[in-house]
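There are 4 protein chains.
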Amino acid sequence: MQIKKEDLRTKLLDAAEKEFYMKGFEKASIRAIVKAAGTTTGNYYNYFESKEALFEALVLESDQAFHVMMDHEEAIDRPDDLWHTPDVHAWREQLKPFFKTLLPVFNRRFYLLIARSEGTKYAGRREVFNRFFAEHFIDHMARFNPDYPYAPMGTILAKQLVDGILNIIESADTIDAYEDIVIEFILFIAIGTMGILQRKELSHD
Amino acid sequence: MQIKKEDLRTKLLDAAEKEFYMKGFEKASIRAIVKAAGTTTGNYYNYFESKEALFEALVLESDQAFHVMMDHEEAIDRPDDLWHTPDVHAWREQLKPFFKTLLPVFNRRFYLLIARSEGTKYAGRREVFNRFFAEHFIDHMARFNPDYPYAPMGTILAKQLVDGILNIIESADTIDAYEDIVIEFILFIAIGTMGILQRKELSHD
Amino acid sequence: MQIKKEDLRTKLLDAAEKEFYMKGFEKASIRAIVKAAGTTTGNYYNYFESKEALFEALVLESDQAFHVMMDHEEAIDRPDDLWHTPDVHAWREQLKPFFKTLLPVFNRRFYLLIARSEGTKYAGRREVFNRFFAEHFIDHMARFNPDYPYAPMGTILAKQLVDGILNIIESADTIDAYEDIVIEFILFIAIGTMGILQRKELSHD
Amino acid sequence: MQIKKEDLRTKLLDAAEKEFYMKGFEKASIRAIVKAAGTTTGNYYNYFESKEALFEALVLESDQAFHVMMDHEEAIDRPDDLWHTPDVHAWREQLKPFFKTLLPVFNRRFYLLIARSEGTKYAGRREVFNRFFAEHFIDHMARFNPDYPYAPMGTILAKQLVDGILNIIESADTIDAYEDIVIEFILFIAIGTMGILQRKELSHD
DNA sequence: GATGAATGAGCTTTCATTCAT
DNA sequence: CATGAATGAAAGCTCATTCAT
Numbered sequence: 023m024q025i026k027k028e029d030l031r032t033k034l035l036d037a038a039e040k041e042f043y044m045k046g047f048e049k050a051s052i053r054a055i056v057k058a059a060g061t062t063t064g065n066y067y068n069y070f071e072s073k074e075a076l077f078e079a080l081v082l083e084s085d086q087a088f089h090v091m092m093d094h095e096e097a098i099d100r101p102d103d104l105w106h107t108p109d110v111h112a113w114r115e116q117l118k119p120f121f122k123t124l125l126p127v128f129n130r131r132f133y134l135l136i137a138r139s140e141g142t143k144y145a146g147r148r149e150v151f152n153r154f155f156a157e158h159f160i161d162h163m164a165r166f167n168p169d170y171p172y173a174p175m176g177t178i179l180a181k182q183l184v185d186g187i188l189n190i191i192e193s194a195d196t197i198d199a200y201e202d203i204v205i206e207f208i209l210f211i212a213i214g215t216m217g218i219l220q221r222k223e224l225s226h227d
Numbered sequence: 023m024q025i026k027k028e029d030l031r032t033k034l035l036d037a038a039e040k041e042f043y044m045k046g047f048e049k050a051s052i053r054a055i056v057k058a059a060g061t062t063t064g065n066y067y068n069y070f071e072s073k074e075a076l077f078e079a080l081v082l083e084s085d086q087a088f089h090v091m092m093d094h095e096e097a098i099d100r101p102d103d104l105w106h107t108p109d110v111h112a113w114r115e116q117l118k119p120f121f122k123t124l125l126p127v128f129n130r131r132f133y134l135l136i137a138r139s140e141g142t143k144y145a146g147r148r149e150v151f152n153r154f155f156a157e158h159f160i161d162h163m164a165r166f167n168p169d170y171p172y173a174p175m176g177t178i179l180a181k182q183l184v185d186g187i188l189n190i191i192e193s194a195d196t197i198d199a200y201e202d203i204v205i206e207f208i209l210f211i212a213i214g215t216m217g218i219l220q221r222k223e224l225s226h227d
Numbered sequence: 023m024q025i026k027k028e029d030l031r032t033k034l035l036d037a038a039e040k041e042f043y044m045k046g047f048e049k050a051s052i053r054a055i056v057k058a059a060g061t062t063t064g065n066y067y068n069y070f071e072s073k074e075a076l077f078e079a080l081v082l083e084s085d086q087a088f089h090v091m092m093d094h095e096e097a098i099d100r101p102d103d104l105w106h107t108p109d110v111h112a113w114r115e116q117l118k119p120f121f122k123t124l125l126p127v128f129n130r131r132f133y134l135l136i137a138r139s140e141g142t143k144y145a146g147r148r149e150v151f152n153r154f155f156a157e158h159f160i161d162h163m164a165r166f167n168p169d170y171p172y173a174p175m176g177t178i179l180a181k182q183l184v185d186g187i188l189n190i191i192e193s194a195d196t197i198d199a200y201e202d203i204v205i206e207f208i209l210f211i212a213i214g215t216m217g218i219l220q221r222k223e224l225s226h227d
Numbered sequence: 023m024q025i026k027k028e029d030l031r032t033k034l035l036d037a038a039e040k041e042f043y044m045k046g047f048e049k050a051s052i053r054a055i056v057k058a059a060g061t062t063t064g065n066y067y068n069y070f071e072s073k074e075a076l077f078e079a080l081v082l083e084s085d086q087a088f089h090v091m092m093d094h095e096e097a098i099d100r101p102d103d104l105w106h107t108p109d110v111h112a113w114r115e116q117l118k119p120f121f122k123t124l125l126p127v128f129n130r131r132f133y134l135l136i137a138r139s140e141g142t143k144y145a146g147r148r149e150v151f152n153r154f155f156a157e158h159f160i161d162h163m164a165r166f167n168p169d170y171p172y173a174p175m176g177t178i179l180a181k182q183l184v185d186g187i188l189n190i191i192e193s194a195d196t197i198d199a200y201e202d203i204v205i206e207f208i209l210f211i212a213i214g215t216m217g218i219l220q221r222k223e224l225s226h227d
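Put into structure tokens, the structure is as follows:
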């Protein structure tokens with residue numbers, strides 16, 4: 023009746039991933055997780071010392087990657103020169119290798135970290151993520167069109183970017199060309215942003 | 023120390039609006055609501071027969087408006103002719119009167135209906151909303167560029183639209199030019215969408 | 023089926039007093055207390071917000087009295103002149119009015135505070151109590167017989183005093199002449215202490 | 023990494039002695055004991071069949087010595103003739119050899135037996151110990167002063183004796199002249215008792 | 001209309017003990 | 001001998017809801 027430690031640990035992590043994903047940390051039930059993993063609450067505590075420890079086991083790596091991202095903001099700016107490229111196709115080709123390095127970060131557990139961590143010590147990550155992009159958007163907007171009158175759009179577009187990333191992660195299972203979709207989405211954000219800023223360089227022929 | 027019935031009912035609704043907004047239906051606490059409204063749990067049940075009934079009282083109107091929206095899809099398509107307008111400024115002017123009629127619907131209680139209703143019978147509204155727009159996006163994409171290869175973008179862009187509307191409602195309190203922001207956001211979505219579809223009509227001069 | 027609030031509160035306090043007395047704070051069971059008081063755990067939390075709050079409700083007054091005692095050390099020293107009185111009977115008469123003021127403090131709840139508070143924020147009271155008396159004993163011993171070689175006796179006699187007070191409180195229910203017994207006990211401590219210190223003034227005729 | 027059976031058994035006993043001493047039988051944790059002994063809970067049950075069996079292994083010898091003591095009450099009475107000796111110094115000298123035989127009994131495990139056995143079958147030992155001395159005190163009191171009116175003092179003084187012995191054992195580690203302190207303490211009890219009984223023989227010159 | 005006492009099921013966590021390996 | 005996975009009961013506490021007053 024005994025399972026090798028790693029097996030059950032993995033089962034617990036898998037069950038927890040689903041449960042946290044469906045209900046969020048606070049509404050998730052340890053009872054439901056252990057039931058799904060085929061064990062008992064008592065035994066659960068041989069594997070994880072608390073509910074939060076289980077969540078942490080799921081998101082720790084993602085959180086480290088998250089902090090690396092936050093600390094290397096210049097990387098996000100690297101495709102900056104693209105803003106002067108008129109050709110959408112060229113954009114795609116140049117964005118591809120850049121996002122290749124980012125894609126492995128955008129997985130389900132990253133989603134838990136950003137979108138399902140209320141009640142844990144990771145609760146504020148989404149806000150940090152939003153603000154991180156908001157600063158960049160505000161900066162870009164000021165440089166491209168200092169007269170653009172709708173300041174709150176910086177915040178809103180940043181949230182759009184974050185929401186979009188999370189949405190894509192959510193549907194990643196059912197998407198074939200996951201990588202391409204991320205590229206398309208970034209392109210969508212870039213073009214839309216430039217559009218409302220009235221920049222006409224893009225799509226000129 | 024009895025209060026006129028309507029007064030307390032209103033206080034309960036206001037307190038509930040805040041609580042549901044902050045925590046969502048399931049994590050919201052009736053105790054916290056009645057405390058904020060200055061009454062007791064016992065008395066609460068003279069006004070609403072359950073936790074869900076209180077939520078329903080808040081969102082019922084919004085839900086009716088939501089269904090009207092869902093049933094009059096052609097309204098959403100009305101700005102369709104804009105897609106051929108090359109001028110962003112013209113877009114803004116034409117979108118304005120159209121969204122004037124929609125804005126009163128996009129209030130806090132609509133937000134509760136779409137984004138805080140998990141655990142109630144309204145739980146699926148967001149999904150309906152998403153799908154509603156997804157169909158339109160897919161349709162537009164097919165018409166504008168039948169060869170565009172990234173089908174899942176329809177779903178994603180629809181979610182972007184819904185997320186954006188909800189984000190704007192969330193920050194409506196702190197935004198001056200609420201209406202203009204909605205227009206800017208729609209514009210952003212439209213331009214971005216056309217951009218990835220490679221349509222070059224817009225912003226041509 | 024409903025009891026007036028104060029009634030059940032009193033029942034809970036009584037039941038808790040017994041349970042804490044028998045098992046100490048940590049081993050005491052809320053379930054056992056509420057069962058003895060004839061209610062449910064859910065209802066218990068309408069009366070006290072935690073296990074510790076219940077304990078605190080029992081000992082708060084005693085703790086205040088305890089601090090008054092600790093802050094008025096000179097009162098403890100007041101019978102100091104007695105040490106030169108040779109007559110045990112005179113001691114009794116002089117101690118009586120002095121301890122009259124102290125006796126109401128030495129009740130069952132004081133016992134809980136000193137001897138059953140491990141696991142609560144009151145955990146250290148017994149040690150404070152011991153040290154308080156130890157200092158006095160050490161002081162007295164130095165003055166009465168600077169050459170007495172067994173220094174640790176100060177600590178031990180202080181503990182004897184504290185233990186004795188607690189023992190008397192424990193058996194107070196079954197004792198007729200509670201007040202007199204306290205006097206006899208203090209006398210016992212005083213005479214014993216002087217005896218080992220080799221002071222011969224007492225009981226001389 | 024197997025250890026010779028006796029080694030680990032000893033380690034478990036040592037760890038248990040500390041744990042039971044610190045927390046008492048019921049609050050002691052097997053997990054903590056096995057961890058301190060460097061083994062696992064499973065292995066623990068190769069050495070002791072239950073929590074109580076471990077406690078029993080610790081106190082069995084002490085309990086036998088305890089019963090010997092209880093059965094040879096006349097030994098306790100042997101210093102009886104001292105009660106007529108007027109000289110404290112003489113008391114000390116005569117008590118010394120007598121208690122030499124008793125001291126080895128008063129060790130840490132004896133302390134566990136008397137003061138940390140609640141929840142085990144040894145739970146009542148302290149009460150037996152108290153009663154044992156109480157009978158002697160009552161007896162002495164009746165013989166020395168048949169008119170002494172405070173009967174409960176017998177019980178209280180017996181408890182004082184027991185408490186004192188336990189207190190001294192507790193602090194034995196930090197005391198130099200352990201044996202002398204026991205003598206001083208007995209003397210303290212004897213003189214204090216005689217004092218309240220109004221016997222004036224002692225300390226007369 | 002209003003109060004708050006009462007209920008009972010739910011939650012996460014701890015524990016001594018058992019047992020397959 | 002040793003491991004540590006597994007069990008199940010118990011702990012303190014929270015919650016929406018009911019109901020006597």
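Protein chains in written order, with this note's numbering: chain A, 23 to 227; chain B, 23 to 227; chain C, 23 to 227; chain D, 23 to 227.
Backbone N, C-alpha and C define an ideal beta-carbon position, used for all residues, glycine too.
Small disclaimer: the values here were computed from a predicted structure and weren't measured.
Residues of the same chain with a CB within less than 8 Å of the CB of C/V56, apart from the 5 flanking positions on each side, are L34, A37, T62, T63, N65, Y66 in chain order. A Cβ-Cβ separation of about 6 Å places C/L125 in contact with C/V204 under the 8 Å criterion. Leaving aside the five residues that flank C/K118 on each side, the residues in its chain whose CB is nearer than 7 Å to its CB run, in chain order, I205. The beta-carbon of C/L124 is placed no less than 8 Å from the nearest beta-carbon of chain D. At a cut-off of 3 residues, not a single continuous stretch assigned as beta strand (DSSP E) sits fully inside the stretch 135-223 of chain C. For C/A145, the closest of C/H111, C/F154, C/I197, C/E78 by C-alpha to C-alpha distance is C/E78.
Identification of chain D residues near C/P168 by a Cβ-Cβ cut-off of 7 Å yields none; the smallest Cβ-Cβ distance measures about 16 Å. Cβ-Cβ distances below 8 Å link D/L209 to V110, W113, R114, L117 in the same chain, with the five nearest sequence neighbours on each side left out; the list follows chain order.
An exposed status is given to C/V150, since fewer than 16 other beta-carbon atoms sit within 10 Å of its beta-carbon. Close to chain C, meaning a Cβ-Cβ distance shorter than 8 Å, are the following residues of the stretch 175-187 of chain D: M175, T177, I178, L179, K181, Q182, D185, G186.
Taking 9 Å as the upper bound on Cβ-Cβ separation, chain D lies near residues K45, G46, E48, K49 of the stretch 29-50 of chain C. For the stretch 207-222 of chain C, the set of residues with a beta-carbon nearer than 9 Å to any beta-carbon of chain D comprises F207, L209, F210, I211, A212, I213, G214, T215, M216, G217, I218, Q220, R221, K222, in chain order.
In this structure, B/N152 lies away from B/L219, with their beta-carbon atoms at least 8 Å apart. Between A/F42 and A/L134, the CB-CB gap stays under 8 Å.
Taking the CA atoms as reference points, C/E71 sits about 18 Å from C/A58. Collapsing the DSSP output to three states places D/S72 in coil. Chain-order list of chain D residues neighbouring C/D109: empty, with the shortest C-beta distance near 10 Å, by a criterion of under 7 Å. Only I197, A199, D202, I203, E206 from the stretch 195-206 of chain C bring a Cβ to less than 7 Å from some Cβ of chain D. With 16 or more neighbouring CB atoms inside 10 Å of its own CB, B/K181 falls in the buried class.
Here A/G186 is near A/I211, since their CB atoms are less than 8 Å apart. Residue environment analysis places B/L82 among the exposed positions, since fewer than 16 neighbouring C-beta atoms fall within 10 angstroms of its C-beta. Shown here for D/R131: same chain residues with a beta carbon closer than 8 Å to its own, the five before and five after excluded, namely E39, L80, V81, E83, S84 in chain order. Against chain B, the CB of A/S193 has a partner CB under 8 Å away; the residue lies at that interface. The alpha-carbon of D/I160 is positioned some 9 Å away from that of D/P174.
Counting only Cβ-Cβ distances below 9 Å, B/I190 has contacts in chain A at P174, I178, in chain order. Taking all protein chains in view, the Cβ of B/N68 is surrounded by fewer than 16 other Cβ atoms within 10 Å, so the residue is classified as exposed. Per DSSP, the unbroken alpha helix (DSSP H) holding C/V56 starts and ends at 52-59. As the crow flies, the alpha-carbon of B/Y200 is around 8 Å from that of B/I190. Around the beta carbon of A/A164, fewer than 16 other beta carbons lie within 10 angstroms, which makes this residue exposed. A Cβ-Cβ contact shorter than 8 Å links A/K73 with A/I52. Looking at the backbone, the Cα of D/G214 and that of A/A75 are separated by about 60 Å. Annotation for A/L124: no alpha helix (DSSP H) segment contains it, and DSSP assigns it neither H nor E. For C/D29, the uninterrupted alpha helix (DSSP H) segment begins and ends at 27-49.
By the Cβ-count criterion, B/M216 is buried, with 16 or more other Cβ atoms from all chains shown falling within 10 Å of its own Cβ.
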